[in-house]
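Q: Mind having a look at this structure? Questions to follow.
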Amino acid sequence: MTRRWWWAGALTVVMAILLVLVKWPLGWWDWLEKRYGGGAWDWVERLSWAVAIVPALLTWARGRVNSAAPATTGSVQMIIGTYVHNEPGVAPAVPPPVETMPPSSLLGGSGPEDLINHDGARAQLESILTADHSTVVLVHGGPGVGKSALVDHVLRVTGLTDRVLRPPVTRGLGFDAKMLLDALTVGQPGLRRDEDLLTRFEAALEAPDGSPVTIVLDDAKALIDPTTNRFRDLRLEEALTKVAGRRRPVKVLLVLERVPERTGEGRWPEQFKEVWVGGLVASHFREYLGRLEAAGRIDLSGVDPQRIFQLLHGVPRLAELFGTALRLPGSRLTENGLADLLADEDERGREAALAAEIVRSFDPEQRQVAAALVAYGIPVLPELVAELLADEVPAGLIRALLDQLREAQVVDVVADRFHVPNAAIRETLAVVPNGAERLLYRAAFVLTDRRPVWENVHRVDQLDLAFAEVDVRVRAGLWRSAFALIGQMHPVLQRWHATHLLLEYRERIAGNLGDPELEMINHNSLGSLYRIRGRFEEARTEYRLAMTKAAAANRQEVGLPKIYLNLAELDWQRNDVPAADEHFSNALAVAEEHDDAEARLSALSGLAECRRRWGEHVDAVRLGRAALSAAQSENSPQAVRVAVRLARWHSEMGDETEAGRVMKLADDAAAAHAHRDATLRVQCADGWADLAMDTGDLDLAEEHATRAVADALSLQASAMVLQARTTLALVHLRLTRLGKARTVIEDALLYQRPGRALMVPMLRALIAFRQRPDATDPTFFVRLERQASRRWRVDPKDFAAAEITGLARAGIHATTGIHATTGVQATTGVQATAGIHATSGAPLKPALDAFQRARALVPDPQPVLGARLTYMLGLLAARIPPDRLELLRTAATHPVEASPTPEPGSAPPPGC
1 MTRRWWWAGA
11 LTVVMAILLV
21 LVKWPLGWWD
31 WLEKRYGGGA
41 WDWVERLSWA
51 VAIVPALLTW
61 ARGRVNSAAP
71 ATTGSVQMII
81 GTYVHNEPGV
91 APAVPPPVET
101 MPPSSLLGGS
111 GPEDLINHDG
121 ARAQLESILT
131 ADHSTVVLVH
141 GGPGVGKSAL
151 VDHVLRVTGL
161 TDRVLRPPVT
171 RGLGFDAKML
181 LDALTVGQPG
191 LRRDEDLLTR
201 FEAALEAPDG
211 SPVTIVLDDA
221 KALIDPTTNR
231 FRDLRLEEAL
241 TKVAGRRRPV
251 KVLLVLERVP
261 ERTGEGRWPE
271 QFKEVWVGGL
281 VASHFREYLG
291 RLEAAGRIDL
301 SGVDPQRIFQ
311 LLHGVPRLAE
321 LFGTALRLPG
331 SRLTENGLAD
341 LLADEDERGR
351 EAALAAEIVR
361 SFDPEQRQVA
371 AALVAYGIPV
381 LPELVAELLA
391 DEVPAGLIRA
401 LLDQLREAQV
411 VDVVADRFHV
421 PNAAIRETLA
431 VVPNGAERLL
441 YRAAFVLTDR
451 RPVWENVHRV
461 DQLDLAFAEV
471 DVRVRAGLWR
481 SAFALIGQMH
491 PVLQRWHATH
501 LLLEYRERIA
511 GNLGDPELEM
521 INHNSLGSLY
531 RIRGRFEEAR
541 TEYRLAMTKA
551 AAANRQEVGL
561 PKIYLNLAEL
571 DWQRNDVPAA
581 DEHFSNALAV
591 AEEHDDAEAR
601 LSALSGLAEC
611 RRRWGEHVDA
621 VRLGRAALSA
631 AQSENSPQAV
641 RVAVRLARWH
651 SEMGDETEAG
661 RVMKLADDAA
671 AAHAHRDATL
681 RVQCADGWAD
691 LAMDTGDLDL
701 AEEHATRAVA
711 DALSLQASAM
721 VLQARTTLAL
731 VHLRLTRLGK
741 ARTVIEDALL
751 YQRPGRALMV
761 PMLRALIAFR
771 QRPDATDPTF
781 FVRLERQASR
791 RWRVDPKDFA
801 AAEITGLARA
811 GIHATTGIHA
821 TTGVQATTGV
831 QATAGIHATS
841 GAPLKPALDA
851 FQRARALVPD
861 PQPVLGARLT
871 YMLGLLAARI
881 PPDRLELLRT
891 AATHPVEASP
901 TPEPGSAPPP
911 GC
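When we follow full-length UniProt numbering, the leftmost residue of the sequence shown carries the number 1, and every step to the right adds one.
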């Protein structure tokens, strides 16, 4: 017996030590980090491997010491969101597509049932929702004016409530194209699952037997990037544009504060409807107050309604908050007293003042429960609130307290998950004295215990708990642990090209990590996230900060190659190829000095692409081969990207045999690394499509390009979607399928940034011209000329930009000139090169000058590139006389001895 208790005591001591060192790293250790600068965190990092075995040790110890208490095992079911935590090796549970959600309670639910005022918006929305075609509706207006109430009312009066889906738009994850497809395909199992997402989406929209469906996104502002006022998810934006005007009566309503801008050029489609909702006028606001009073939600017997209107500016939500502040048991103010309190605040501070009075009126237990909801930051089940407040509030009271807060209109509930919807109340509760910070620490610990197994994550929405945890850690000021969690989430999100979801959190931890090396890593990552979003100046600032931190940490050998490579990529995206070439050279020098093989091959690959941009194919191939050899030596997946580009260059030079051989190397590398990067197969499919098109096998090119588009869409790889769609559009154009070509290239335009991938706007202009050769609107060619000439000015050695500038000017000439058969000469008598007169409206000389400049840079274009340019010019034949067209073709493909031509930075000629 003595020996047994000795062992029991020893095991207890060991377990206690491990518990202190490891089991509470996110509680006590975070407190130490917060209070004393995080010095203890290094020990936690060293011991973090032990976290996984501690529960097993505790279970074993309990079995040894007390055999009467059997060990327990099993997975822990999540009670937040739809994710179920699984043991390793167990497939994750698939959540239901989208739940049918109850309407907003702002003006509906337990409140007044009939809408007041908003007559114009109501009639407009009723008309839209009863139309027999699909529509996307942007219901916009200021906060609290009654947008969701308007939607609720119109859905009721139009009888559409039976098929309304209201999926929650959660913080960070939002609502994406896959969820939209799930909502449309409920009860339609016949749709093929082997097709890409947007193909299935279009099929669902065109299904003749598809039932009507209305999807309401009440918090759609979470889907919009506040910096750019554009959709965060391009695929969702594209899917919404496909909804508009389709056969199936699908209505998607987005409730937000302002109308987002469309990505790229152009406006929203015609079937994107805007419905603006404003505040109530004085008479209607008084009527609304009367209804609230009749419903027992406010008492205005001793106050002038006109004064309330002036204070609250006709905003219904503020009226509800006013009533809530007076109705709570702990309220200390009369109606006039609360009005006096608001009168002392400026207009912007009145909602915050109401929120503060509401929170002050809570009893202690109500305040704790509401603060617990705010600590989690996402809708949660009562059980999770009870776990967080185990030491303060008896678990048996949690449900009743939540119901009290719901009755007071402070808390909302959806699918038995509670949250505090009002931002002002959340902000007030977030600074509740004596407890807010402690609740955040506890919430972080609770969420850590429910963190998903990264290997078992198969969809972005399965990371909802991880996003909630990182948000809690950032709000708690646990900077280093937040940084560590972000670092774990980053490679998981890379699988779906969704690392941009971490941008907000990387921004908030920047400058707070207390370690120059960690700051270096974070600034470098921030720069890349800004670059991906097209925020180039902010990206450059972050890369420069990363350089500074690398020097401070004396970690240049680790940081500088990556930073130089990122700066090079940034300059490449801005079309500043000379600067990119310099940064690639710097990266190569540092990589070779410190024997960094991965950075070396990236630098070689980048230098090769710079040479190709300048038309130096021989040098590009030499550097490309060196990069491919380095990638093969390191068994790097970059071998695929390098090989595909190298194969393209060989094909452009007319060497089909070598191009095919290198593409087979790409296939082999893609197969070897498929488990690491699913996008590799997309690169190969698109590369084979290019080679097939170069050799004239258009059917094979279409097959490869179609597969590349489908795979790229399924992987959310925007750059690859753009490349593959461009190839597919060119195939359709070559096969004279103009309708298909236009559809594909218009879809590609969503992903094209001005000045980049000029083939996309070029094909858009040429396809439009071929569809209507008699049209006289040069808009598409003018846009193309503007983008190409700007790119040319940034890099005067960019021969392709010069060629496309020439083609665009030729297109302007074709669309604004007189028909070739008339033979009418320009009234100005301006002479073009070789004595050719300009036709009316657009001189020929600007196009000739651009082509001559291109041939001065690269006298003999590679065979495939020359043939492609000749083909493009031939598409303009319907409006350019044969002799002029031949002159353009000659200038485009052969060196011409002529008088000096203008530099790309000179003023554009008339007509351009």
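Each residue gets a CB set at the ideal place from its N, CA and C atoms; glycine is no exception.
Just so you know, these numbers come straight off a predicted model, no measurement behind them.
Does the stretch 406 to 415 come within contact of the stretch 391 to 398, defined as at least 3 CB pairs closer than 8 Å?
A: Too few Cβ pairs lie closer than 8 Å, so no.
Q: Can you check DSSP and say which residues form a bridge with residue 933?
A: Any answer about residue 933 is impossible in this case: the structure gives the chain only from 1 up to 912.
Q: In the DSSP assignment, find the unbroken beta strand (DSSP E) run with D412 in it and report its ends.
A: D412 to V414 is the extent of the beta strand (DSSP E) around D412.
Q: So H497 and L715 are supposed to be a Cβ contact under 8 Å. How far apart are they, rounded?
A: At roughly 7 Å, the Cβ-Cβ gap stays under 8 Å, so H497 and L715 are in contact.
Q: Helix, strand or coil for L501? Go by DSSP, reduced to three states.
A: DSSP places L501 in helix when its eight states are reduced to three.
Q: Where does H675 land, buried or exposed, given buried means 16+ other C-beta within 10 angstroms?
A: Exposed, since its Cβ has fewer than 16 Cβ neighbours within 10 Å.
Q: What separation, rounded to the nearest whole angstrom, lies between the Cα atoms of Q752 and F780?
A: Approximately 14 Å, taken between the alpha carbons.
Q: Would you kindly check if the distance between the Cβ of P316 and the Cβ of G142 is under 8 Å?
A: Not closer than 8 Å, so no.
Q: Using only the alpha-carbon positions, how far apart do G687 and M663 sit?
A: Computed Cα separation, rounded: 7 Å.
Q: Assuming contact is defined by CB atoms lying nearer than 8 Å, are I812 and A788 in contact in what I supplied?
A: Cβ distance not < 8 Å, so I812 and A788 don't count as in contact.
Q: Let me check understanding here. Comparing Cα to Cα, which of A430, R262 and A800 lies closest to R235?
A: Closest by alpha carbon: R262.
Q: If I measure Cβ to Cβ from R681 and keep anything under 8 Å in the same chain, skipping five residues before and after, which residues do I get?
A: If we look at R681 and ignore the five residues flanking it on each side, its Cβ neighbours are A670, A674 and D711.
Q: At the level of alpha carbons, what is the spacing between F467 and G144?
A: About 27 Å.
Q: What do you reckon, are the CB atoms on L447 and D416 nearer than 8 Å?
A: Result no, Cβ atoms of L447 and D416 do not sit closer than 8 Å.
Q: Which residues in the same chain as R122 place their Cβ atom closer than 8 Å to its Cβ, once the five residues preceding and following it in sequence are excluded?
A: The answer, listed in chain order, is L115, L150, H153 and V154.
Q: Measuring straight from C-alpha to C-alpha, what distance separates A639 and R613?
A: About 20 Å.
Q: Roughly how many whole angstroms lie between the Cα atoms of G905 and T893?
A: Here G905 scores only 46 on pLDDT, less than 50, and its place in the model should not be relied on; the value that follows carries that caveat. Computed Cα separation, rounded: 23 Å.
Q: Work out the CA separation of A436 and A568 for me, nearest whole Å.
A: Near 44 Å, if we compare the C-alpha coordinates of A436 and A568.
Q: Would you grab the beta carbon distance between Q771 and R742 for me? Rounded to a whole angstrom, and I think it's under 8 Å.
A: Yes, they are in contact, since the Cβ atoms of Q771 and R742 sit about 7 Å apart, within 8 Å.
Q: In whole angstroms, give me the CA-to-CA distance for A177 and V721.
A: Near 15 Å, if we compare the C-alpha coordinates of V721 and A177.
Q: Taking the alpha-carbon positions, what's the G534 to L545 distance?
A: Straight-line Cα distance between these residues: approximately 19 Å.
Q: Please identify the residue among V414, S283 and Q404 whose C-alpha is closest to the C-alpha of P329.
A: Checking every option, the nearest Cα to that of P329 belongs to Q404.
Q: At the level of alpha carbons, what is the spacing between G615 and A647?
A: Approximately 16 Å between the Cα atoms of the pair.
Q: If you draw a straight line from the C-alpha of A717 to the C-alpha of D219, how long is it?
A: Approximately 26 Å between the Cα atoms of the pair.
Q: Just the Cα atoms here: how many angstroms apart are L750 and L338?
A: Approximately 51 Å between the Cα atoms of the pair.
Q: For F229, which residues in the same chain have their Cβ closer than 6 Å to its Cβ, ignoring the five residues on either side in sequence?
A: Before going further, note that residue 229 is Asn rather than Phe in the sequence given. If we look at N229 and ignore the five residues flanking it on each side, its Cβ neighbours are P260 and E261.
Q: Between the C-alpha atoms of H650 and A659, what's the straight-line distance to the nearest angstrom?
A: Each residue's Cα considered, the two are about 5 Å apart.
Q: Apart from the five residues just before and just after H583, which ones in its own chain have a Cβ nearer than 7 Å to its Cβ?
A: Within the same chain, H583 has close Cβ partners Y564, L567, A568 and D571.
Q: Nearest to P305 by alpha carbon, out of A631, A294, S283 and E746?
A: Per the Cα distances, S283.
Q: Quick check: what's the CA-CA separation for L342 versus N456?
A: Each residue's Cα considered, the two are about 52 Å apart.
Q: Can you tell me where the alpha helix (DSSP H) with F467 in it begins and where it stops?
A: That run of the alpha helix (DSSP H) goes D464 to R475.
Q: Going by DSSP in three states, R417 sits in which element: helix, strand or coil?
A: Strand at R417.
Q: Following the continuous beta strand (DSSP E) through I215, name the residue where it begins and the one where it ends.
A: V213 to L217 is the span of the beta strand (DSSP E), which, as asked, contains I215.
Q: Helix, strand or coil for G39? Go by DSSP, reduced to three states.
A: Because the pLDDT of G39 is 42, which lies under 50, any placement of that residue in the model is unreliable, and the number read from its coordinates should be weighed accordingly. Coil, per DSSP.
Q: Let me make sure I understand the geometry here. Which of P861, V420, E345 and A386 has the alpha-carbon closest to that of P379?
A: Out of P861, V420, E345 and A386, V420 has the C-alpha closest to the C-alpha of P379.
Q: On the premise that R791 lies in contact with N586, defined as a C-beta separation below 8 Å, what is that separation, rounded to the nearest angstrom?
A: About 24 Å; that fails the 8 Å criterion.
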